[in-house]
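2 protein chains.
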Amino acid sequence: MKSNKILSVREQIADVLRSDIISGELEPNTKLNEQQLAERFGTSRGPIRDVLIKLTKEGLLVSKDNVGSSVSSPLTPELQKLSIDIRRKIEEYAVKHLENNISDEDLAQMDAIIDKMQEHFDKEEFTELTKTDIEFHKYFVGLAGGEDLTNLWYPVVLRMRMNYQRIRNSQTLVDEHRHIVDALRKNDSKLAISGIRKNIK
Amino acid sequence: MKSNKILSVREQIADVLRSDIISGELEPNTKLNEQQLAERFGTSRGPIRDVLIKLTKEGLLVSKDNVGSSVSSPLTPELQKLSIDIRRKIEEYAVKHLENNISDEDLAQMDAIIDKMQEHFDKEEFTELTKTDIEFHKYFVGLAGGEDLTNLWYPVVLRMRMNYQRIRNSQTLVDEHRHIVDALRKNDSKLAISGIRKNIK
DNA sequence: TAATTGTACATTGTTAACAATTAATTGCAA
DNA sequence: TTGCAATTAATTGTTAACAATGTACAATTA
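Sequence lines, in order, name chains A and B. FYI, in our numbering the residues of the first sequence are 32 to 232. FYI, in our numbering the residues of the second sequence are 32 to 232.
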């Protein structure tokens, strides 16, 4: 059963802005004007401010008191490397945790997400592909560790993703995800971990 | 020179609430009422909402749309363990990064922070001790990796700290920090890392 | 009685006006 | 022209009223 989750106005606005930033449409250091955003989304400044605070805490924006928010710069290569390590640690934890502890329904969900990835890849919708990629990982991270683990994980991956303006333009990306789900399906966490390692870089 | 940084109203409110949560004064699942908080801090609900969003992103609160925010529950032992790993990874990165790259002034700052810890310990002000402990680590993490690294690190340590209602009631805690600074002063990052490992658990 | 609907209340979400702060511009003097 | 000060404009911060939503409890029905 497809769960069409209802999203609050604020979460929808956040999604759009995250998308704009990760896709590179909003370049680093771009200043975000609250009034303009309010007009763009047809709300007042209140909800916009809420979203800006959220995205700042997620690392996508930098805020200065009485000055405003602007798009973060890419991480230094060193911090990027550290982020990859942390992300791997979290996702390897998740995969281990799911061994012998995952339902057919969840596996089907993940298959569906990968199908969506394939579709975006075929249509060369690379921003959507990136978002669906994140959606996939978010799914099994949440499955393994709930909201707590997701909260640890999310800022790390979002910030990393800013450095991938150019998505790896390859069918391999989709296939890697199939391998991970296959490993989970076989309850082979070692294989799944090796899949995660290959995928996260 | 002691830098008495000016804090915005919102950041001061956030500090107080973080303190209340980490000290256990606000117990897990306690519901926070925006109106009541506004009256307590003598502001309107606007700035309060900003703070609640921040603390939610830091993992100290859980928020539900149209319902409100409440204090998070402690991490499961498994997630606590993972958090310790991540925190160590980050701080070890920081210490390595500071080798041969730290000023006398910074070392003096850290000495001063540890003196403050000692003072709080002597006076049995354990909540303040915890905060100063965090301040110490935040200082050299920020030194090594700036705002970006601090943003990665902060939610991890805050969430961990919720599990330490009872602070380790020992002079050892203070001494461990002296050892870390000594190692940094000697530019011996291996020794510093071993100090970090001992201290973070 | 148990479940369900309806109503009143409390709380969060949103808005628009106003205050405070920062950034930009202008005018003046050297 | 350049440097600086004062003024103006633009932007963020705060507030209080109002709207929308969720919660608790009473009334109703099976």
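Glycine included, each C-beta is placed from N, C-alpha and C at the ideal position. Everything numeric in this text was worked out from a predicted model, so none of it was measured.
Under a Cβ-count criterion, where at least 16 other Cβ atoms within 10 Å of its own Cβ denotes burial, should S39/B be classed as buried or exposed?
exposed
Give the interface partners of I117/B over in chain A, defined as CB-CB distance under 8 Å, in chain order.
I117, K120, I121, L183
Within chain B, partners of S39/A - CB distance below 9 Å
D96, N97
Among all the DSSP beta bridges, which residues are the ones paired with V93/B?
S101/B
Give, in chain order, every residue of the stretch 42 to 57 of chain A whose Cβ lies closer than 9 Å to some Cβ of chain B.
E42
Presumed contact (8 Å Cβ cut-off) between Y170/A and M141/A, rounded CB distance:
6 Å
Who are the neighbours of D206/A on chain B, taking C-beta pairs under 9 Å?
The contacting residues do not exist; D206/A stays about 28 Å from chain B at best.
Measuring alpha carbon to alpha carbon, tell me which of V98/A, N132/A, V126/A ends up nearest V172/A.
V126/A
Using the rule of at least 16 other Cβ atoms within 10 Å of the residue's Cβ for burial, across every protein chain shown, is D153/B buried or exposed?
exposed
I need the DSSP call for I231/A, collapsed to helix, strand or coil.
coil
Indicate whether R118/B and I224/B have their beta-carbon atoms separated by less than 8 Å.
no
Cβ of G226/A within 8 Å of any chain B Cβ
no
Do V98/B and E58/B have their CB atoms nearer than 8 Å?
no
Leaving out the 5 sequence neighbours to the left and right, which residues in its chain are closer than 8 Å to H151/A when beta-carbon positions are compared?
F157, E159, L160, T163
Burial state of D146/A, where buried means 16 or more other Cβ atoms lie within 10 Å:
exposed
Residue from T203/B, S201/B, E123/B, G177/B whose Cα sits closest to the Cα of S220/B
E123/B
Three-way DSSP call (helix, strand, coil) for L38/B in this model:
coil
Please return the same chain residues whose Cβ sits closer than 7 Å to the Cβ of S75/A, not counting the five positions on each side in sequence.
A69
With H, G and I counted as helix, E and B as strand and the rest as coil, what does DSSP make of K162/B?
helix
For W184/B, which residues in the same chain have their Cβ closer than 6 Å to its Cβ, ignoring the five residues on either side in sequence?
I121, V172
Nearest residue (CA-CA) to S100/A, options L113/A, P108/A, I227/A, R80/A
R80/A
CA-to-CA distance, M148/A to T186/B, given in whole angstroms:
One detail in the question is off: residue 186/B reads as Pro in this sequence, not Thr. When rounded, the distance between both Cα atoms is 31 Å.
The stretch 132 to 159 of chain A: which residues have C-beta closer than 9 Å to a C-beta of chain B, in chain order?
none
What does the Cβ neighbour count give for I37/B, buried or exposed, with the cut at 16 atoms within 10 Å?
exposed
Is the CB of G73/A under 8 Å away from at least one CB in chain B?
no
Starting from K120/B, follow the alpha helix (DSSP H) in both directions and report where the run begins and ends.
108 to 129
What are the residues that DSSP puts in a beta bridge with K62/A?
S101/A
Could you list which residues in chain B have their beta carbon closer than 8 Å to that of V187/A, in chain order?
L183
Residues in the same chain with beta-carbon distance under 8 Å from L106/B, minus the five sequence neighbours each way, listed in chain order, please.
S114, R190, M191, M193, N194
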